[in-house]
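Working notes for the structure below.
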Amino acid sequence: MTTQTAGLEVPTLSGWPVVGSLRGLRSDYLGTISRADRDIGGLARIVAGPPGWRLTIYSVTAPDLIEEVLASPDRFGKHHPGYRELRSALGDNMLTSEHETWHRQRRFLASMFTRRRLAEQYAPVMTDEAQRLVERWRGLAARGVTLDAYPEMVRMASRVSGRILFGADMSAAAELLTRFRVVNDQLLRRAVSPHPPPGWAPTPGNRRIRHGLREARAIADDLVTARRGPYPVRATDMLGLLCAARDAEDEADRLTDREVADQAMLFLLAGHDTTAVTLSCVLLMLAQHPEWQRRLRAEVDHALRGRPPSAADLDRLPWTDRVVRETLRLFPAAHGMGRSTATEQTLGAHRIPAGSWVEVSIWGAHHSARVWPDPERFDPSRFDLAEGEHPGGHRYAWLPFGVGARACIGRPISLTEVQITVATVLQAFEVTSPLAATPVHAAITLMPTGRLPLDVRPR
Ligand code: HEM
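Mapping of the sequence shown onto our numbering: residues -19 to 439, in sequence order.
Next up, the structure:
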């Protein structure tokens, strides 16, 4: 039996007769979310498509309402279309799973994400790859080539993820990533379409997803089998750790081969595009704000005195950290977190019907004039705060990695990778760009729209 909860109707964003905000969502999803925040407030209903074929999004951008959604996973769960796509593509991994399955996976994987492992195993890989990047860029700069920041950063972040996951076996990582690119593109298309054809339908897109996934899975399965074979390689890369992991609460429990392969695929997918787009945007921000570039270069030169950065150096680069945080505010690589309601709920003073898509819009919160003074201005000093103060004045105002129990487990890895790379690039080059703005749009994650030209001049 469903009970009617008390609560006001959520106000609807104005749109076209019949089709509502369909065109707006398709042509400018992020702009539509921001318009809803500006015109309606921190909770708005956005409808798209004619009745009977309608998509309804409850867009949440007010920090106190975001807190209510994220703190109540039983009321606002992860049975959302985007996660459904991911789950059916990759299996029930740590990003998509819920309840005991998630607890068990998180217990298993915690040991792969310790500060010590990051400092001793992963950060040296990042420093090494950043040096390689600088060498590559020196060669390109000598030939007068203008770089395209995003593919450059995808290449570098893929190499880092590949080496962290599979150690020396880069060819396996490269092959997996190639297969994934096809799957990723097609999944994005499905997730941003209000009514994608069902997964079983024999459409060309579905066939490409199935084929790409089958191939990716075969490669991942082979890697796991090789590690668990009669002569297992005792590797300390993530795949080795996943194979050897034991549940902290039950020593006899371990991940099945399928689970190991699923988590490895998730890390590869979750980690490199998000980190790459963040890195690209940081470099563009520095190119567009030379005063901040000079300030960071002075900080890096003073703290490192010309030697390559390590994880231990990052505490001495506070302004580099603030520039990265401000970039993540303006360009949150994961622009939203989809949730859904199984039964009718109240949120603040409002009623959310059963079966609704509730979108915690990180983009919307980060660009809201209700939260941030002059929100479109790039100003890293917003993060120059006293102990205990929150940027934007609320714990849930700045949340590029989520907040709470389901926050991103890869956050320290990404932040370390971005800071090490930026410091290394600034040691070697001055960066400029002919672009005055940084155009992005929403796919599953944030994506640059077109090329991001970057010129690097050796110092
Ligand atoms: C700039 C880079 C990154 C950003 C902006 C980012 C953002 C996020 C966000 C917003 C969530 C919460 C999703 C939700 O609750 O619906 C999340 C979860 C997650 N992220 Fe990341 N992420 C990044 C990098 C990474 C990396 C490098 C890894 C892995 C190596 C990773 C693995 C995960 C996993 C496993 C979860 C699920 C955690 C859980 O539910 O317990 N992420 N990420």
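Even glycine gets a Cβ: it sits at the ideal position worked out from N, Cα and C.
Check the C-beta distance from residue i over to residue j and give it rounded, since I have them as a contact under 8 angstroms.
i, j, result
"residue 394", "residue 254", "7 angstroms"
"residue 420", "residue 428", "6 angstroms"
"residue 203", "residue 278", "Not quite, the Cβ-Cβ distance comes to about 44 angstroms (not below 8 angstroms), so this is no contact."
"residue 146", "residue 265", "Contact doesn't hold; Cβ gap of about 32 angstroms is too wide."
"residue 250", "residue 75", "6 angstroms"
"residue 411", "residue 434", "6 angstroms"
"residue 200", "residue 156", "6 angstroms"
"residue 57", "residue 413", "Actually they are not in contact, since the Cβ atoms of residue 57 and residue 413 sit about 42 angstroms apart, beyond 8 angstroms."
"residue 70", "residue 317", "Rounded, the Cβ-Cβ distance is 17 angstroms, inconsistent with contact."
"residue 9", "residue 422", "4 angstroms"
"residue 302", "residue 363", "4 angstroms"
"residue 416", "residue 43", "No, residue 416 and residue 43 are not in contact; Cβ-Cβ is about 30 angstroms, not under 8 angstroms."
"residue 347", "residue 14", "5 angstroms"
Could you tell me the boundaries of the beta strand (DSSP E) in which residue i lies?
i, result
"residue 337", "337 to 341"
"residue 28", "23 to 28"
"residue 412", "409 to 412"
"residue 265", "Element bounds for residue 265: not the beta strand (DSSP E) but the alpha helix (DSSP H), 237 to 268."
"residue 218", "No beta strand (DSSP E) contains residue 218, which is instead part of the alpha helix (DSSP H) from 218 to 224."
"residue 40", "35 to 40"
"residue 433", "433 to 438"
"residue 421", "420 to 422"
"residue 318", "316 to 320"
"residue 331", "330 to 332"
If you draw a straight line from the C-alpha of residue i to the C-alpha of residue j, how long is it?
i, j, result
"residue 304", "residue 409", "18 angstroms"
"residue 20", "residue 345", "13 angstroms"
"residue 276", "residue 381", "24 angstroms"
"residue 235", "residue 290", "32 angstroms"
"residue 60", "residue 122", "49 angstroms"
"residue -8", "residue 110", "47 angstroms"
"residue 468", "residue 185", "Nothing in the structure corresponds to residue 468, since the chain is present only between -19 and 439."
"residue 104", "residue 387", "25 angstroms"
"residue 390", "residue 268", "28 angstroms"
"residue 418", "residue 425", "16 angstroms"
"residue 438", "residue 404", "12 angstroms"
"residue 329", "residue 385", "25 angstroms"
"residue 31", "residue 293", "57 angstroms"
"residue 159", "residue 243", "16 angstroms"
"residue -6", "residue 120", "49 angstroms"
"residue -19", "residue 28", "Summary for residue -19: the model assigns pLDDT 45, below 50, so the residue's position carries little reliability; its value from the coordinates is reported in the next sentence. Roughly 29 angstroms between the two C-alpha positions."
"residue -11", "residue 325", "12 angstroms"
"residue 135", "residue 89", "26 angstroms"
"residue 233", "residue 102", "26 angstroms"
"residue 163", "residue 188", "7 angstroms"
"residue 402", "residue 263", "7 angstroms"
"residue 399", "residue 18", "33 angstroms"
"residue 430", "residue 11", "17 angstroms"
"residue 144", "residue 166", "26 angstroms"
"residue 128", "residue 331", "46 angstroms"
"residue 183", "residue 197", "21 angstroms"
"residue 139", "residue 132", "11 angstroms"
"residue 248", "residue 365", "34 angstroms"
"residue 220", "residue 141", "14 angstroms"
"residue 360", "residue 206", "47 angstroms"
"residue 118", "residue 298", "27 angstroms"
"residue 190", "residue 73", "18 angstroms"
"residue 314", "residue 281", "32 angstroms"
"residue 0", "residue 367", "45 angstroms"
"residue 24", "residue 16", "6 angstroms"
Name the two residues that bound the continuous alpha helix (DSSP H) containing residue i.
i, result
"residue 191", "184 to 208"
"residue 138", "129 to 146"
"residue 108", "103 to 122"
"residue 89", "79 to 89"
"residue 376", "Taken as a continuous stretch (DSSP letters only), residue 376 belongs to no alpha helix (DSSP H), as it is neither H nor E."
"residue 61", "61 to 70"
"residue 18", "9 to 19"
"residue 301", "298 to 310"
"residue 46", "43 to 50"
Problem set entry | Neighbourhood of the ligand HEM [Cβ distance below 5 angstroms to any heavy atom], ordered by chain position | Near the ligand HEM, meaning a beta-carbon closer than 5 angstroms to one of its heavy atoms, we find 74, 75, 247, 250, 251, 254, 255, 258, 313, 314, 317, 380, 381, 382, 386, 388, 389, 390, 393 and 394.
For this session: Kindly confirm or deny that the stretch 216 to 234 and the stretch 361 to 373 touch, where touching means at least three C-beta pairs closer than 8 angstroms.
Result: Counting Cβ pairs under 8 angstroms, fewer than three are found: no touch.
Problem set entry | Cβ contact (3+ pairs, closer than 8 angstroms) linking the stretch 251 to 270 and the stretch 385 to 404 | With the cut-off at 8 angstroms, the stretch 251 to 270 and the stretch 385 to 404 touch.
For this session: Check whether the stretch 63 to 78 touches the stretch 27 to 46, taking contact to mean three or more Cβ pairs, one atom from each stretch, closer than 8 angstroms.
Result: Judged by Cβ distances under 8 angstroms, the stretch 63 to 78 makes no contact with the stretch 27 to 46, as fewer than three pairs qualify.
For this session: Evaluate the contact criterion for the stretch 279 to 288 versus the stretch 310 to 322: three or more CB pairs, one atom per stretch, below 8 angstroms.
Result: No, the stretch 279 to 288 does not touch the stretch 310 to 322.
Exercise. Is it true that the stretch 329 to 341 meets the stretch 41 to 57, where meeting means three or more beta-carbon pairs spaced less than 8 angstroms apart?
Worked result: By the Cβ rule, the stretch 329 to 341 counts as touching the stretch 41 to 57, because three or more pairs are nearer than 8 angstroms.
For this session: Kindly confirm or deny that the stretch -3 to 7 and the stretch 329 to 336 touch, where touching means at least three C-beta pairs closer than 8 angstroms.
Result: No, the stretch -3 to 7 does not touch the stretch 329 to 336.
For this session: Count the CB pairs spanning the stretch 70 to 87 and the stretch 348 to 363 that are closer than 8 angstroms, and state whether there are at least three.
Result: Of all C-beta pairs linking the stretch 70 to 87 to the stretch 348 to 363, fewer than three are shorter than 8 angstroms, placing the two stretches out of contact.
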